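These notes are about the structure you will find just below.
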Amino acid sequence: LNETTKEIHVTSASRSLAEAAERIIPGGVNSATRSIGAPWAFASAHGATLTDLDGNRYTDYHAAFGAILLGHGDERVNSAITAAIQDLDLVGLGTTELEVRTAELVIDAIPSADMVISTMSGSEAVLQAIRLARGATNRPYVVKFQGCFHGSYDAIARNVISSPDLAWRRDPNSSGILDDALDHTLIAEFNDLASVEELFAAHPDEIAAVILEPVPHNVGALLPELAFLQGLRDLTTKHGSVLIFDEVITGFRHARGGYQEICGVIPDLTTFGKSMGNGYPVAGLAGAAEIMRNFTPTGGKVMLAGTFNGNSVSMAAAIATLTVLNDPEVDFYGHVYRLGDRMRDGLRRITNGHGIPAVITGIGSVFIAYFLDGEVRGYRDLLRNDDEAYATFHRRMIDKGSLMYPMSLKRNHISLAHTDADIDRTLEQADEVLGAMAR
Ligand code: PLP
């Protein structure tokens, strides 16, 4: 991050806390991608604004990797949590009204949800989904797509962004994972049904599940072709495999019913997370009753466990967030789709104006500028992205006061707390940055 010259977030207070962190927390961060190569510590987050320890303020489009939908510190969510914990923290027996209400809201919203479980993270939801699919089908293999990320669970821990020689191959994102776990995950190309058909042909009756982000936001925003999603539905049904939509990012964010509501393709299982608790830890797995009944509490053989699952803070956060999303007066979707279009149109105008080859894309609240010429259909096209230009643009936007994550292909998010004025200010900054980059 050397180019971030103004040292806005490398000033004294950030630096000394980050250095203290580095002495006692590996790398000074609790999740690897929080490190951007410069010391940075934060003091507060309100609405669409982050303030670092030195008092520098940023319009936040990172949004905690998309966990923030309503804006930071949303009063409705915070007061629901405060109220809930007056009566109950965690019981560890039976159930609570908060857990049942959360499940009802999810089932009401998500088309594929007959039954639902709550977990503490998206990774755990994915772990449960894959184990459930394997347990229900008694088959070993899982198919995933290059460019999709599904968390830290071994069976699915693959590099999202792989170099051309490693893309679509075994490319673990961590050491310490058994070869067996890697070998039983097969990698296909997004928007390319033939690549999935080949895997089914090579492993007949052995594929337990196909898992995908219906919009692969972990490489920005690859827009799915409807025929591809429908083809996956048909293929998995034909072969008796479980179709899993990982809607950890897309669920509730793009529509109440997730991306499955938009595309009309209904998976067997759906995972969700980030987008349902406005920053508080809550995630889950929903699906057809026939499959969900394979969990042990229903007499099945797939273990379901988690000390903190369904705790009151998480449930109250989810209930409050989903209630705001459901409120027609608030019109969350109208707001973020309108601002998203404003941002995408503005970035298109600016990049065209400066003659910078770029594909500006996204959906609703999510936007991204790929720095490449031509079309983007699949991961293969993203190999043409000019990573250096992408990172430079994001780093310089940070200097201007708009926080976009400076790692290549990372998407940006608009929340309910962003305003037209935020978007317009960011576009002015983008015009300056891209103008200078074009010279
Ligand atoms: N699935 C998707 C699509 C994600 O983007 C992520 C996290 O980035 C996960 C699963 C894992 O979620 P968590 O970080 O809550 O474990």
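Just add 19 to the spot in the sequence shown (first one is 1) and you have full-length UniProt numbering.
Beta carbons: idealized from backbone N, C-alpha and C, even for Gly.
The model shown is predicted, which means the values in this text are computed figures rather than measured ones.
Check: Tell me residue 431's beta-bridge partners as DSSP assigns them.; Outcome: 386
Check: Sort out for me which residues DSSP pairs residue 31 with in a bridge.; Outcome: Bridge partners of residue 31: none, in fact.
Check: Taking only heavy atoms of the ligand PLP into account, decide whether any of them is closer than 7 Å to the Cβ of residue 265.; Outcome: yes
Check: Please classify residue 429: is it buried, with 16 or more other beta-carbons within 10 angstroms of its beta-carbon, or exposed?; Outcome: buried
Check: Per DSSP, what are the beta-bridge partners of residue 381 in this structure?; Outcome: 386
Check: Quick check: what's the CA-CA separation for residue 140 versus residue 383?; Outcome: 24 Å
Check: Which whole-angstrom value is the C-beta distance of residue 215 and residue 162, which I expect to be below 8 Å?; Outcome: 6 Å
Check: Could you work out which residue in 108, 125 and 238 is closest to residue 168 when comparing CA atoms only?; Outcome: 238
Check: Taking the alpha-carbon positions, what's the residue 76 to residue 441 distance?; Outcome: 13 Å
Check: Would you check whether the ligand PLP has a heavy atom nearer than 7 Å to the C-beta of residue 196?; Outcome: no
Check: Under 6 Å Cβ to Cβ from residue 403, same chain only, skipping five residues before and after it: list those, please.; Outcome: 391
Check: With distances taken Cα to Cα, identify the nearest neighbour of residue 394 among 295, 256 and 377.; Outcome: 377
Check: Looking at the secondary structure, which residues open and close the alpha helix (DSSP H) in which residue 399 lies?; Outcome: 398 to 401
Check: Return the bridge partner residues of residue 303 from the DSSP annotation.; Outcome: 137 and 291
Check: Count the other CB atoms within 10 Å of the CB of residue 452; is the residue buried (16 or more) or exposed (fewer)?; Outcome: buried
Check: Quick check on residue 245: buried or exposed, where buried means 16 or more other Cβ atoms within 10 Å of its Cβ?; Outcome: exposed
Check: Which residues in the same chain as residue 37 place their Cβ atom closer than 7 Å to its Cβ, once the five residues preceding and following it in sequence are excluded?; Outcome: 47, 58, 59 and 60
Check: Measuring from the CB of residue 178, is there a heavy atom of the ligand PLP at a distance below 7 Å?; Outcome: no
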